[in-house]
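Note sheet for the following structure.
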Amino acid sequence: MHFNLSEEQAMLQASTARFIDQQYSFEVREKDVRLPEGFNRDTWATFAELGWLSVPISEAGGGFGGNAADTMVLMEELGKGLVASPYIPTVMLFGSLVDIGAPEALKHSLLEPLIAGQLQGAFAYQERQSRYNLADIKTAATREGEGYVLNGEKALVMNGAAADRLVVAARTSGEQFDTAGISLFVIDANATGVHKTAYRLMDGQLAANIRFENLSVTSDQLLGDEGDGYSLIEKVVNSTVLALCAEALGIMNKLTDITQEYTKARKQFGAPISSFQVLQHRMVDMFMACEQSRSLLYRTVCSVGTSDADRSLHALKYMIGRNGRMVGNEAIQLHGGMGITDELEVGHYVKRLMVINTLFGDADHHQQKLAQISLPT
Amino acid sequence: MDISFSDEEVAFRDQVRDFFKQAPVAEVTALIAQPDTYKEGTVRWQKHLFAQGWIAPTWPIEHGGAGWTPTQMHIFETERVAASAPDVLPFGLKMVGPVIYTYGTEQQKQRFLPRILASDDWWCQGYSEPGAGSDLASLKTRAELDGDHYVVNGSKTWTTGAHHADWIFCLVRTSTEGRPQQGISFLLIDMTSPGVTVRPIPTINGEHSLNEVFFDNVRVPVENRIGDENKGWTYAKSLLAHERTVIARVADSKRRLEKLRQYALKETEGGQVMAQDPVFRSRFSDIEAELMALEYTGLRVLAAQASGQGPGAESSLLKIKGTEVQQAIHELTIDLAGPYGGIINDSLTSGDIGHEFGDQARKDYMYGRATTIYGGSNEIQKNITAKHVLGL
Ligand SMILES: Cc1cc2nc3c(=O)[nH]c(=O)nc-3n(C[C@H](O)[C@H](O)[C@H](O)COP(=O)(O)OP(=O)(O)OC[C@H]3O[C@@H](n4cnc5c(N)ncnc54)[C@H](O)[C@@H]3O)c2cc1C
């Protein structure tokens, strides 16, 4: 038993860290998020060159065929660097759904340009009323002739503004909250009948509400079997949650580090504020929160495919949400007034952490999911 | 052990309630909510209170206040919050005003107090400096005597509203001898004086309220000094306790919690309202119990004040708990907004993006982190409580 990285993983980690160190300062990031799409296409091209866009895509899909640990390594580093990119929506969500669900021809026609950095994707799953319930879908795909007609609205679609293609979760049968009867379709995001309203999230990234008005789709745009989309969603969401938790851990560690550095440099009452015991204890708490989160992350990675997988994943997202909030709040508090400014990186890390908490269920949501496994009602 | 109101107090409450019912609350709130009309709305609201004679309820009547009892003050606050009416800005009315009428000369009182009451001058507070935050007494901005003027050099930071201000009240160093507290003076500085510049500091909620203020050979008439030279610390300290009771904002938290309760009756997941969600219920009632207690802590402080004891060390307790409750409400509100807790509803989209309070919850959460930092951070309040209340 060991928790070491493989040689390849160590290389991936080093190359990501090097990229951030040499090309992705906080100033660059601040410029990038102000771009109309919330990220820089040139940076994205670099991602492609470095091979990062293929990491979780299967070998059959033309990718690297990486496992959960590979994704974890990459995402943790991207978190440390606060890298603004559509990696989650384009690769982890759209890419993986296509990878596991699309017929061969469609799969290759989408994943090749995706891995080359030339295609942006998004996954339109939630709706205004859904909150964290992935099955709460009213958007309807009605059979018409050989194909379907899509009507409804999706909300908070990450990367919805820049995406060329979307995977849309729509109901082909069943009632609003049923897991059965959900189907996934790949559509052209710029087709007539697709209306977008874009807006920013607090991490600088763009999301969009996307409305479908009598949009015709054909059967060969279907991912997986009709009505069976939920199982694909669950699978992809689980690996995405793990990736997001790794990113969050990178952020938490970074916040803990910069807080320690700041308090060592900041003097009040004639001494570095890091010398005040009450602040030392708080930083020890931050450190322990990171370490416990890391342990749970490793446990979750090791449990993929075992009977402990769901329980670990819920515990992880719960702990990352709760500990992430604590670490974020403490980082701001220990920076004093500096923590409240937008000129310092602290607040920006905290905001990304807060967005991650709202993706695919927050701490409270996963706490209850965990309890439902151990204490079923 | 009796908190019932006397007949006069009941009559007073009805009068206040009636006043708020007829006041232009919605209008000024809308103005205050927009950055470009924020100042206009604030001044309009304060002038409305001034016209009623209620702009400075706790000031002594001789200085233009209403001379209310703490109970009347409590009634007013409760009614104000129930009517969702804006609070007044503290800097002139709750901070420098009381210092001027307590320690100022007759001439200073006549010159400044009427304009503070009428909101003709906008004041800001120039205490903190880049090197002097929690350790305020280490401040370095210098004021050197040159004939009948002080020449001021240095900078202040985190100055709320300096970009709107006509005047700033400052703590400045006039002596480097003895303990640092002994060389500080209290100066009133005209913001239009040559040599004063203001730089905005953007905050994490994306808005502009904070600034840096630079003083480059700014000439300030000696007559703008409050009280004696090198005694400024004593004057400022007497005011800090007031600032802390203000920051507790108990009535405001009650309103926010009630709002949160209403949101929770509408927000759903899986067809069930969040008010029925066990984790939500547990977190909500945690806050509720703290706030119910805090309301009475506030009343106990008021009662002590009524019997002639000024707010002392117990104001620290109010500040700590008050801000903790505020932050807990912010956290639960943004969590209730769920996936909408991260949205920014700005000029990029004017359309309806699907949520009533997510954008505001985000702003409140982010800016609300400051409540445990300003007015003396909560760590400093605990130090004070340990030393002066517990005698440790
Ligand atoms: C939104 C906002 C508005 C403000 N408005 C004004 C204003 O209008 N006018 C004005 O003059 N100032 C204003 N301030 C400044 C405020 O008073 C200071 O931020 C505050 O005093 C803390 O100082 P600091 O920021 O330098 O933090 P520091 O003093 O550097 O503190 C950093 C951290 O160390 C902790 N710490 C420091 N010393 C100790 C100790 N001895 N023991 C334990 N912990 C300690 C603090 O609690 C904090 O967590 C404002 C601040 C904010 C955030």
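Line by line, the protein sequences are chains A and B. In terms of the numbering used here, the first sequence opens at residue 777 and continues consecutively. In terms of the numbering used here, the second sequence opens at residue 363 and continues consecutively. By construction, the Cβ of each residue, glycine as well, lies at the ideal position given by its N, Cα and C atoms.
> Can you list the residues of chain B that T1117 of chain A reaches, using a CB-CB cut of under 8 Å?
Replying inline: Contact note: T1117 of chain A reaches chain B through I563, P564, T565, I566 and L572, using a C-beta cutoff of 8 Å and chain order.
> Under a CB-based cut-off of 8 Å, is M1130 of chain A close to chain B?
Replying inline: True, the Cβ-Cβ gap to chain B drops below 8 Å.
> So T918 of chain A and V925 of chain A are in contact, right, with Cβ under 8 Å, and what is the actual spacing, rounded?
Replying inline: Right, their Cβ atoms sit about 5 Å apart.
> So which residues of chain E does Y1094 of chain A contact, with C-beta pairs closer than 8 Å?
Replying inline: Given the protein chain composition of this structure (A and B), no chain E is represented.
> Of the choices B:E569, B:G589 and B:M553, whose alpha-carbon is the least far from that of V575 of chain B?
Replying inline: Out of B:E569, B:G589 and B:M553, B:M553 has the C-alpha closest to the C-alpha of V575 of chain B.
> Applying a beta-carbon distance threshold of less than 7 Å, which residues of chain B neighbour I1108 of chain A?
Replying inline: Residues of chain B passing the Cβ test: R731.
> Are the CB atoms of G1005 of chain A and I958 of chain A nearer to each other than 8 Å?
Replying inline: It is a contact, given that the beta carbons lie within the stated cut-off.
>> Counting C-beta neighbours from all protein chains within 10 Å, is the total for F1045 of chain A 16 or more, i.e. buried, or is it exposed?
In response: Exposed, by the Cβ-count rule.
>> Below 7 Å, is the gap between the Cβ of S1051 of chain A and the nearest heavy atom of ligand 1?
In response: It does not: the Cβ of S1051 of chain A is nowhere closer than 7 Å to a heavy atom of ligand 1.
> Going by C-alpha distance, which of A:E852, A:N935, A:M1062 and A:Q1144 is nearest G980 of chain A?
Replying inline: In this structure, A:N935 is the residue among A:E852, A:N935, A:M1062 and A:Q1144 with its C-alpha nearest to the C-alpha of G980 of chain A.
> Alpha carbon to alpha carbon, how far is L1073 of chain A from A1022 of chain A?
Replying inline: Spanning the two alpha carbons is a distance of roughly 7 Å.
> Can you find a heavy atom of ligand 1 that lies under 7 Å from the Cβ of T521 of chain B?
Replying inline: The answer is yes for T521 of chain B.
>> Strictly under 8 Å for the Cβ-Cβ distance: is D797 of chain A near chain B by that measure?
In response: No - not a single Cβ of chain B is within 8 Å of the one on D797 of chain A.
> Along the chain, where does the beta strand (DSSP E) that runs through A1107 of chain A open and close?
Replying inline: For A1107 of chain A, there is no enclosing beta strand (DSSP E); the enclosing alpha helix (DSSP H) covers residues A1085 to H1111.
> Do V933 of chain A and A898 of chain A have their CB atoms nearer than 8 Å?
Replying inline: In this structure, A898 of chain A lies closer than 8 Å to V933 of chain A by Cβ.
>> My output table needs one value for Q671 of chain B: the three-state DSSP class, helix, strand or coil.
In response: Q671 of chain B falls in the coil class under three-state DSSP.
>> Looking at chain B, is there any beta carbon in it that lies within less than 8 Å of the beta carbon of L1146 of chain A?
In response: For L1146 of chain A, the answer is no, since every Cβ of chain B falls outside 8 Å of its Cβ.
>> I want to verify the contact list: residues of chain B whose CB lies under 9 Å from the CB of T1035 of chain A, in sequence order.
In response: Neighbours of T1035 of chain A on chain B: none; closest Cβ ~14 Å, over 9 Å.
>> Counting only Cβ pairs nearer than 8 Å, list the residues of chain A close to V687 of chain B.
In response: Residues of chain A passing the Cβ test: none, with the nearest at roughly 15 Å.
> Roughly how many angstroms lie between the CA atoms of W529 of chain B and Q472 of chain B, to the nearest whole one?
Replying inline: For W529 of chain B and Q472 of chain B, the gap between their C-alpha atoms comes out near 16 Å.
> Would the C-beta of N745 of chain B count as close to ligand 1, meaning under 7 Å from any of its heavy atoms?
Replying inline: At least one heavy atom of ligand 1 is nearer than 7 Å to the Cβ of N745 of chain B, so yes.
>> Less than 8 Å between the C-beta atoms of G632 of chain B and N909 of chain A, yes or no?
In response: Against a cut-off of 8 Å, the Cβ pair of N909 of chain A and G632 of chain B comes out as a contact.
> Should S490 of chain B be flagged as near chain A, meaning a C-beta pair shorter than 8 Å?
Replying inline: Flagged as an interface residue toward chain A: S490 of chain B, by a C-beta distance shorter than 8 Å.
> For V450 of chain B and chain A, any beta-carbon pair shorter than 8 Å?
Replying inline: By this cut-off, V450 of chain B is not an interface position.
>> Please tell me whether I746 of chain B has its Cβ less than 8 Å away from any Cβ of chain A.
In response: Interface residue (Cβ-Cβ distance to chain A less than 8 Å): I746 of chain B is not classified as such.
> Given A1041 of chain A, which residues of its chain have a CB within under 8 Å of its CB, disregarding the five upstream and five downstream residues?
Replying inline: Listed in chain order, the non-local C-beta contacts of A1041 of chain A below 8 Å within the same chain comprise P1048, local neighbours out to five positions each way being set aside.
>> Quick check on the burial criterion: 16 or more other C-beta atoms within 10 angstroms. Buried or exposed for G509 of chain B?
In response: Around the beta carbon of G509 of chain B, fewer than 16 other beta carbons sit within 10 angstroms, so the residue counts as exposed.
> Below 8 Å between beta carbons: does that hold for L960 of chain A and L873 of chain A?
Replying inline: Yes, they are a contact pair.
> Which residues of chain B have a Cβ atom closer than 8 Å to the Cβ of L977 of chain A, listed in chain order?
Replying inline: Per Cβ cutoff of 8 Å: G704, I705 and I706.
> Under 8 Å Cβ-Cβ, which residues of chain A neighbour T630 of chain B?
Replying inline: Those within 8 Å of T630 of chain B in chain A are Q905 and R907.
>> For K972 of chain A, report the span of its beta strand (DSSP E) as first-last.
In response: Its beta strand (DSSP E) spans residues V970 to L977.
>> Just list the residues that DSSP pairs Y512 of chain B with in beta bridges.
In response: Looking at the DSSP assignment, Y512 of chain B forms a beta bridge with B:L507 and B:V582.
>> DSSP has A790 of chain A in a bridge; who is on the other side?
In response: DSSP links A790 of chain A through a beta bridge to no other residue.
> For S615 of chain B, is the classification buried or exposed, using 16 other Cβ atoms within 10 angstroms of its Cβ as the cut-off for buried?
Replying inline: Its Cβ being crowded by 16 or more others within 10 Å, S615 of chain B is buried.
> Among all the DSSP beta bridges, which residues are the ones paired with D1004 of chain A?
Replying inline: Beta-bridge pairing links D1004 of chain A to A:I958.
> How many Å lie between H1141 of chain A and G720 of chain B at the Cα?
Replying inline: Their backbone Cα atoms lie some 18 Å apart in a straight line.
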